[in-house]
Amino acid sequence: MILDIVQYGEPVLRKKCVSVSQVDSELEKLVADMIETMEDAEGIGLAAPQIGVDIRLAVVDVSPDPESVSFFKVDGEDAEMADHMPLVFINPELELSGPKESESEGCLSIQEVRAKVNRPTVVKARLPQLDGSVKVIESDGLLARAIQHEVDHLNGILFTDRLSTTGKTRLRKKLKELANTEWEKR
Ligand code: NI
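Shown next, in the form of structure tokens:
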């Protein structure tokens, strides 16, 4: 089922999400619906607060663009990205490393806005899975960026919070407009 994506200005996007306490059929259905919603919107990631649910859950899929990373490891071994996408994030834990790089980002909850965000280039993510196993993935490039962006959502942080002062100034008016438009009416 395709879900409505909450838009900028809605309070749920600013919540610090709570940990997922139980994996049950309801959660499995939510994950399936989030993946379908992400694909329908042609996004590379979607976090639970973006569909109005304040729990630590997100999905990411950058497999249409395998050249966007220089390495991809699962549990310490080189792996094919396509075999592991979409990635499901339940109570994810991240370790960030590498130099910072500034690249363009957008968000399904902040339409028509793109801007450069400075972030560490390498991510190691510990991801408990629906079946109770734990997957440790390591990567860089677009995937590392998407993972950080989605985990920020779980802490009520949007990419526009991380812009340079100049970037924030440039977008101030646009964001104010978006915040004042009820998203159901867009
Ligand atoms: Ni986003």
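Each residue of the sequence shown is one higher than the one before, starting from 4 at the first, in my numbering. Even for Gly, the Cβ is constructed at its ideal location relative to N, Cα and C. Treat the numbers as computed from the prediction; the structure is a model and nothing was measured.
Start and end residues, alpha helix (DSSP H) containing residue i
| i | result |
| --- | --- |
| K19 | Premise fails: K19 is in no alpha helix (DSSP H) and is neither H nor E. |
| A118 | No alpha helix (DSSP H) contains A118, which is instead part of the beta strand (DSSP E) from 113 to 131. |
| G48 | Note, G48: premise wrong, no alpha helix (DSSP H); beta strand (DSSP E) at 48 to 50. |
| G159 | Unbroken run through G159: none, as it is neither H nor E. |
| T172 | 168 to 182 |
| V34 | 28 to 43 |
Residue i: CB within 7 Å of a non-hydrogen atom of ligand 1
| i | result |
| --- | --- |
| C110 | yes |
| H1 | No answer is possible for residue 1: it lies beyond the span of the chain, which begins at 4 and ends at 189. |
One or two residues paired with residue i in a DSSP bridge
| i | result |
| --- | --- |
| E13 | None, per the DSSP bridge assignment. |
| L60 | I93 |
| I5 | The partner list for I5 (beta bridge, DSSP) is empty, contrary to what the question assumes. |
| V77 | E80, I140 |
| L99 | V126 |
| E106 | V120 |
Test item: CB-CB of residue i and residue j under 8 Å
| i | j | result |
| --- | --- | --- |
| L99 | V137 | no |
| P52 | H156 | yes |
| V139 | D78 | yes |
| E39 | I5 | yes |
| L161 | I8 | no |
| L166 | V116 | no |
| D57 | V21 | yes |
| G144 | L16 | no |
| M41 | L49 | yes |
| F74 | S28 | no |
| L133 | V26 | yes |
(request) Please determine if the stretch 136 to 149 and the stretch 118 to 127 are in contact, where contact requires at least 3 C-beta pairs separated by less than 8 Å. (result) Taking 8 Å as the limit for Cβ pairs, the verdict is that the stretch 118 to 127 does touch the stretch 136 to 149.
(request) Would you be able to state if there are at least three C-beta pairs under 8 Å between the stretch 52 to 64 and the stretch 82 to 96? (result) Here the stretch 82 to 96 lies against the stretch 52 to 64, with 3 or more beta-carbon pairs under 8 Å apart.
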